[in-house]
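Per our numbering, residue 1 is the first one in the sequence shown, and the count goes up by one each step. Built from N, CA and C at the ideal position, the CB exists for glycine as well.
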Amino acid sequence: MTGCESWRFWGGTFHSVGNKFLRIEGEKIGLDPNFSIIDSEDSDKLIKETVDEKFPRFFSDKENPRPKLLREIISYARNTCASYSAAMCDRFDWIETPSNQIFEIAEFYSAKKREKNLCDFDDLLELWHKLLLENADVLEKYRARFKNILVDEYQDTNLLQSKIIDLLADRGQLSAVGDDAQCIYSWRGAEIENIRNFRQRYPAALIYKIERNYRSTPQILNFANALLKNMPVHEDYRKELSSARGNSMKPVVIRAMDAISQGRQVADFIREIEDGGKYGYDDIAVLYRSHFQAMDLQLQLQYKNIPFVMTSGVKFFEQSHIKDVVAQIKFIANPRDSVSFARFANFLPKVGGKTAMKIYSSALEISKKRNISPIAALADKKVAAKVPSAAREIFEKMAQDLLVLEEMLASLETESGERLKGGGDSHAQTKSVQSDFLSAMLDETPAQPCPENIRIVRDCQIKDIVKAACTGWYKDAMKTAYEDWRDRADDFDALVEYAARYKNFDEFLANATLEISEAEGRPAENSSRVRLMTVHQAKGLEFPVVFVIGAADGLFPTKRSIEDGSTDEEERLFYVAATRAKDCLIIAYPRVSTSGGDYEMREQSRFLNGVDPSLFEVL
């Protein structure tokens with residue numbers, strides 16, 4: 001197309017181009033060009049090896065981050081060119097480990113990589129930058145070599161990537177394509193000021209606004225333009241989109257009673273669209289801010305036999321942290337369930353399947369000798385002796401929490417004093433039981449009466465047991481294991497809400513287990529399926545029909561962003577969601593949802609408040 005030989009072009013991701021630079025010129029900074037690239041999993045293993053060697057007791061302290069989280073802290077600091085202190089304050093403020101110790105670990109980890117002639121993904125950028133910065137001859141060679149440099153999705157570049165480009169492109173040969181209204185990756189280091197300050201760094205730059213849109217209908221773009229007008233967009237980039245297409249339907253807003261109703265209405269809408277014949281299931285996408293918001297829709301789609309695929313990750317009940325919590329509840333209900341015990345016990349440091357079974361067997365033996373439950377026996381010192389020292393403190397907390405859960409379960413009794421059993425065999429009937437609180441507040445169909453053999457909860461409810469399982473030792477352990485522990489905690493809120501629908505403990509437990517089993521069954525890859533994904537996953541994609549669910553304040557934007565006073569990126573994310581739609585845009589939100597198991601009234605997203613009501617229809 002250009003008339004030039006293909007070998008004269010260098011193209012690819014930042015990491016792939018960095019790899020090419022280092023293979024050719026790496027010796028100038030002491031790097032063997034035959035280095036191996038390690039992926040994230042191997043990086044975690046090497047970090048663990050490094051820490052065990054230099055700080056043998058580090059992982060014994062449950063407050064210290066696990067290898068995966070250590071890697072994420074180190075990576076964020078490197079990509080944002082920030083000190084470890086600043087990086088931890090910005091993104092990892094719950095970590096109590098001193099930043100200078102994280103710095104030491106990072107230095108030892110770097111030395112270990114050099115010793116083994118390894119590069120992780122961040123090295124491909126950091127060493128590339130070092131190469132250009134410290135070798136004027138190399139820099140000059142490639143400045144002359146590349147007559148034109150094109151960077152796509154420039155709004156998503158981080159500071160390290162921007163520094164590399166600024167070094168190479170000093171002769172006006174840079175073309176950057178980007179949209180500051182779509183900068184949505186600050187959580188992984190993207191720096192919006194890279195594009196906002198572009199003209200300050202390149203004063204002679206010409207700015208071309210691409211305002212003609214060939215994807216969406218005029219009605220969808222009118223809605224999108226209203227969102228743009230309310231954004232703090234840099235004046236250099238303020239724009240108004242116009243459509244090259246003909247008129248169609250206005251965007252639709254669905255105001256549902258709660259998350260269950262939202263899921264049911266969206267599923268029914270999807271079925272109607274598919275029945276209409278114009279669109280198939282694979283023309284439809286459902287977007288959401290956070291993974292947990294899709295739970296009720298997943299259940300409704302399964303119930304109505306509508307095929308779907310999760311492209312934002314595994315289905316709600318398949319997620320490891322959800323399965324771990326359900327396993328705890330299954331274990332307190334049936335202490336002979338060693339499989340469930342082994343599942344959540346594996347989350348303890350240095351506890352694998354064999355060690356978990358040794359712990360369980362010891363507890364079972366003591367329970368028989370002392371005539372106590374296996375759960376109570378977990379607190380025995382002889383059982384604790386089977387636990388690796390690195391896990392002992394958190395194991396003791398786990399044993400205490402399980403004992404509390406056992407006591408809570410014991411309080412779930414029928415009026416005759418028996419533990420709740422039976423309760424009918426209708427899955428759908430249980431799921432249709434709505435809170436009297438919701439019915440009274442929203443004047444909707446009253447809750448179904450409980451069958452006579454379902455007891456009225458006295459001391460606690462099923463949701464209280466689930467909430468306790470979600471907020472005990474496991475949640476504490478998550479904070480040092482996962483960067484996204486807050487998102488996983490949001491999933492726990494959704495699980496508590498799910499549990500609140502049940503009056504019968506055994507039926508809740510059976511159905512939660514069945515949901516896990518049903519979630520693991522997937523339709524054939526080539527079948528037509530609705531796609532469910534987070535808005536972040538949908539970036540760069542387009543679909544004829546787009547649903548955006550959970551569009552309520554506290555959900556989208558998130559409660560955390562509202563409390564922090566930092567909803568700008570949430571607003572850009574909402575804009576990205578709306579502009580994925582080609583023909584139809586349907587936005588839904590629940591007027592009531594739960595937070596920590598408690599019901600809360602919800603208002604529509606503040607981003608909708610800024611849109612002229614004449615630009616959308618309300619159902």
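Which residues does DSSP list as the beta-bridge partners of residue i?
i: Val286; result: Leu532, Phe547
i: Ala468; result: According to DSSP, which records beta bridges pairwise, Ala468 is partnered with nothing at all.
i: Ala623; result: Residue 623 lies beyond the range of the chain shown here (1 to 619); nothing can be said about it.
i: Ser242; result: Arg212
i: Glu617; result: Val252
i: Ser36; result: Leu118
i: Leu585; result: Val546
i: Val151; result: Ala176
i: Asn158; result: Ala190
According to DSSP, is residue i part of a helix, a strand, or is it coil?
i: Thr594; result: strand
i: Arg336; result: coil
i: Arg171; result: coil
i: Gly554; result: strand
i: Leu509; result: helix
i: Glu570; result: helix
i: Asn383; result: Note that residue 383 is Val in the sequence shown, not Asn. It is helical.
i: Gln604; result: strand
i: Glu72; result: helix
i: Asn194; result: helix
i: Cys89; result: helix
i: Ala226; result: helix
i: Asp137; result: helix
i: Ile322; result: helix
i: Met257; result: coil
i: Ile375; result: helix
i: Phe308; result: strand
i: Ser367; result: helix
i: Ala176; result: strand
i: Val611; result: coil
i: Asn64; result: coil
i: Tyr599; result: strand
i: Met231; result: coil
Is residue i close to chain B, meaning its C-beta is less than 7 Å from at least one C-beta of that chain?
i: Leu70; result: Here there is only one protein chain, and chain B is not present.
Rounded to whole angstroms, what's the CA-CA distance from residue i to residue j? Just pull it up for me.
i: Glu510; j: Leu573; result: Note that residue 510 is Ala in the sequence shown here, rather than Glu. Rounded to the nearest angstrom, the two C-alpha atoms are 37 Å apart.
i: Asp39; j: Val339; result: 31 Å
i: Ile105; j: Val286; result: 42 Å
i: Ser290; j: Phe616; result: 24 Å
i: Ser186; j: Glu134; result: 29 Å
i: Leu70; j: Asp491; result: 23 Å
i: Arg8; j: Val151; result: 17 Å
i: Gln662; j: Ala500; result: For residue 662 there is no data in the structure shown, the boundaries of the chain being 1 and 619.
i: Leu532; j: Gln219; result: 24 Å
i: Phe344; j: Ile273; result: 42 Å
i: Asp52; j: Pro67; result: 11 Å
i: Tyr624; j: Pro335; result: A question about residue 624 goes unanswered here, because the residues of the chain that appear run from 1 up to 619.
i: Ser367; j: Asp476; result: 28 Å
i: Pro590; j: Asn197; result: 39 Å
i: Lys381; j: Leu301; result: 48 Å
i: Val620; j: Ile102; result: As shown, the chain starts at 1 and ends at 619. That puts residue 620 outside it, with no answer to give.
i: Glu396; j: Ile329; result: 18 Å
i: Arg212; j: Trp10; result: 30 Å
i: Leu619; j: Pro613; result: 13 Å
i: Asn117; j: Leu132; result: 20 Å
i: Asp506; j: Ser83; result: 51 Å
i: Asp568; j: Gly26; result: 40 Å
i: Arg201; j: Gly565; result: 29 Å
Between residue i and residue j, which are expected to be in contact by the criterion C-beta below 8 Å, what is the C-beta distance as a whole number of angstroms?
i: Cys584; j: Met249; result: 6 Å
i: Ser621; j: Ala581; result: With the chain covering only 1 through 619, there is no way to say anything about residue 621.
i: Tyr109; j: Thr50; result: 5 Å
i: Val545; j: Ile284; result: 5 Å
i: Ile465; j: Leu409; result: 6 Å
i: Met621; j: Trp473; result: In the structure as shown, the chain begins at 1 and stops at 619. Residue 621 is therefore absent and cannot be evaluated.
i: Leu22; j: Trp128; result: 6 Å
i: Asp123; j: Ser75; result: Between Ser75 and Asp123 the Cβ distance is about 10 Å, and since that is not below 8 Å, they are no contact.
i: Ile694; j: Gln293; result: The shown model of the chain, from 1 to 619, leaves out residue 694, and the question about it has no answer.
i: Lys304; j: Ala267; result: 5 Å
Between residue i and the ligand COA, is there a pair consisting of the residue's CB and a ligand heavy atom that are separated by less than 6 Å?
i: Gln298; result: Because no ligand of any kind appears in the structure shown, any question about the ligand COA cannot be addressed here.
Sufficient close CB pairs (3 or more, under 8 Å) joining the segment 15-33 to the segment 41-52: no
The segment 554-564 in contact with the segment 169-178 per 3-pair CB rule at 8 Å: no
Sufficient close CB pairs (3 or more, under 8 Å) joining the segment 276-283 to the segment 233-251: no
Cβ contact (3+ pairs, closer than 8 Å) linking the segment 53-67 and the segment 138-147: no
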